[in-house]
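Worksheet: one structure, shown below.
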Ligand code: V47
Ligand code: SF4
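Residue numbers (our numbering): 1 to 382.
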């Protein structure tokens with residue numbers, strides 16, 4: 001499914017709302033959109049229109065290439081001191097018998113399971129356990145590094161890091177440097193949710209705030225590490241909050257150039273304290289991705305995380321500005337299956353991912369965590 005029009009057709013459409021035409025002209029001449037224009041796109045831009053703009057930008061940046069990587073996750077625990085209302089995954093410390101807590105050896109066993117397999121990245125993320133501290137995670141990272149020096153270690157959301165550093169009574173710089181010295185190479189984008197306090201104070205009041213999240217990522221960037229950024233959309237937030245969130249990320253990216261990619265995460269409503277909120281439609285998902293591609297003009301990569309969206313919707317996003325599908329995952333994450341995703345045992349082989357990409361006429365490219373191209377599967381395009 002390709003947006004019905006090209007941007008050139010859109011520009012010639014005399015029936016188009018004047019404010020939308022002005023936005024299309026700005027996109028065509030590579031000018032940045034203001035926050036007001038971002039909100040206007042959400043309010044007035046129908047799917048075909050925003051899709052034409054997003055597709056134009058993605059084609060310009062990536063031609064038909066779509067990236068994926070070979071990765072697996074370690075989720076050390078789902079015990080968590082925080083109480084985010086949208087979370088279906090965590091268990092409070094007093095109910096830890098209902099959850100899981102992995103030992104060092106259990107986590108290293110997961111890494112050893114991939115010995116001899118061509119994975120390039122381990123993604124470590126979990127709940128914030130009061131007894132798993134900075135020292136424990138430095139040891140984990142250095143043991144993984146020692147066992148498999150070539151495996152890129154991407155780990156710990158700003159929420160986990162904020163808690164670890166505070167408990168260790170270290171500054172963000174000191175704590176981050178310790179993890180970097182142990183072998184941590186980049187940070188995932190979780191914990192961002194919606195930065196604006198009007199929303200954050202309702203959905204996840206007790207964890208690091210928006211400024212704190214941004215400061216942790218800025219510090220990582222200053223130390224030469226790359227990071228990702230997410231946004232949890234489709235719950236109580238208004239379009240203004242989405243645009244404010246993206247605008248703050250865009251401003252930090254201007255300053256540091258340290259973000260690898262932006263990942264909008266669709267709110268899933270199973271078994272959490274926000275289950276009464278309906279999930280948004282697939283059309284709204286596609287509009288979200290397309291507008292992110294248009295607004296986030298300094299983020300080269302826009303990722304659709306297929307274990308959360310489901311593989312069919314993820315495939316559709318490829319025609320609406322997305323150029324990355326994350327990885328093979330190998331059934332090593334529970335966050336989204338517990339929140340109601342279609343993907344109850346998320347795993348895709350490289351062949352599955354390539355098929356999904358080539359079916360919509362795109363070229364699969366295996367990448368590493370930093371988006372260096374490892375293999376272009378050009379010959380597989382039908
Ligand atoms: O911050 C939790 C989200 C995030 C729900 O950097 C939910 O490559 C939807 O950050 N519905 C953690 N989302 C996962 C994460 C991530 C995932 C994939 C790739 C990367 C990356 C990072 O999961 C949390 C929160 O925003 N989340 N519960 C839910 N019910
Ligand atoms: Fe804890 Fe993360 Fe769940 Fe929030 S989203 S309750 S920080 S595991």
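Beta carbons are placed, not taken as given, at the ideal position from N, Cα and C, and that holds for glycine.
When you compare the CB positions of residue 265 and residue 311, do they come within less than 8 angstroms of one another, or not?
No, Cβ-Cβ distance for residue 265 and residue 311 is not below 8 angstroms.
Are residue 328 and residue 186 close, meaning C-beta to C-beta below 8 angstroms?
No.
Taking Cβ to Cβ, would you say residue 318 is nearer than 8 angstroms to residue 125?
Against a cut-off of 8 angstroms, the Cβ pair of residue 125 and residue 318 comes out as no contact.
Starting from the Cα of residue 32, find the closest Cα among 184, 250, 280 and 309 and give me that residue.
Nearest of 184, 250, 280 and 309 to residue 32, Cα basis: 250.
Might you give, ordered along the chain, the residues of its own chain that have their beta carbon closer than 7 angstroms to the beta carbon of residue 371, omitting 5 neighbours on each side?
For residue 371, where only same-chain residues beyond five positions count, the Cβ hits under 7 angstroms are 67, 260 and 301.
Could you say which of 81, 98, 178 and 153 lies nearest to residue 134 if we only look at CA atoms?
Of the listed residues, the one whose Cα sits closest to residue 134 is 178.
Is DSSP giving residue 368 helix, strand or coil here?
If DSSP states are grouped into helix, strand and coil, residue 368 belongs with coil.
Compute the Euclidean distance between the alpha carbons of residue 381 and residue 354, then round it to the nearest angstrom.
Note on residue 381: pLDDT 49, under 50, position unreliable in the model; the coordinate value appears next. Each residue's alpha carbon lies about 9 angstroms from the other.
For residue 154 and residue 361, I'd like the C-alpha separation in whole angstroms.
Computed Cα separation, rounded: 30 angstroms.
Look at the Cβ atom of residue 84, then the Cβ atom of residue 203, and state whether they are nearer than 8 angstroms.
Yes.
Which whole-angstrom value is the C-beta distance of residue 164 and residue 192, which I expect to be below 8 angstroms?
About 18 angstroms separates the two Cβ atoms, so there is no contact after all.
Since residue 327 sits in a beta bridge, which residues does DSSP pair it with?
69, per the DSSP bridge assignment.
Assign residue 235 to buried or exposed, taking buried as 16 or more other Cβ atoms, counted over all protein chains shown, within 10 Å of its Cβ.
Residue 235 should be labelled buried.
Are there any heavy atoms of the ligand V47 lying less than 7 angstroms away from the beta-carbon of residue 305, as far as the coordinates show?
Yes - the ligand V47 has a heavy atom lying nearer than 7 angstroms to the Cβ of residue 305.
Indicate whether residue 139 and residue 104 have their beta-carbon atoms separated by less than 8 angstroms.
In this structure, residue 104 lies closer than 8 angstroms to residue 139 by Cβ.
For the region 86-105 against the region 37-44, are there 3 or more C-beta pairs whose distance is under 8 angstroms?
Counting Cβ pairs under 8 angstroms, fewer than three are found: no touch.
Can you tell me where the alpha helix (DSSP H) with residue 134 in it begins and where it stops?
Note, residue 134: alpha helix (DSSP H), 134-147.
According to DSSP, is residue 231 part of a helix, a strand, or is it coil?
Strand at residue 231.
With distances taken from CA atoms, which of 150, 61, 171 and 323 is nearest residue 116?
That would be 150, whose Cα lies nearest to the Cα of residue 116.
State the Cα-Cα distance for the pair residue 27 and residue 64, rounded to the nearest angstrom.
C-alpha separation (whole angstroms): 19 angstroms.
Identify the continuous alpha helix (DSSP H) that holds residue 307 and give its terminal residues.
Unbroken alpha helix (DSSP H) run through residue 307: 306-309.
Is residue 21 helix, strand or coil when you go by DSSP?
Residue 21: helix per DSSP, three-state reduction.
Buried or exposed: residue 268, going by 16 or more other Cβ atoms within 10 Å of its Cβ?
With 16 or more Cβ atoms within 10 Å of its Cβ, residue 268 is classed as buried.
Within the same chain, show all residues whose beta-carbon is closer than 6 angstroms to that of residue 287, passing over the 5 residues directly before and after it, in chain order.
Hits under 6 angstroms: 47 and 50.
Go ahead and pull the three-state DSSP assignment for residue 354.
Looking at residue 354 - three-state DSSP - the assignment turns out to be helix.
Which complete beta strand (DSSP E) runs does the region 183-261 hold, if anything under 3 residues is left out?
Fully enclosed beta strand (DSSP E) runs of 3 or longer: 226-233.
Heavy atom of the ligand SF4 less than 7 angstroms from the Cβ of residue 199, yes or no?
It does not: the Cβ of residue 199 is nowhere closer than 7 angstroms to a heavy atom of the ligand SF4.
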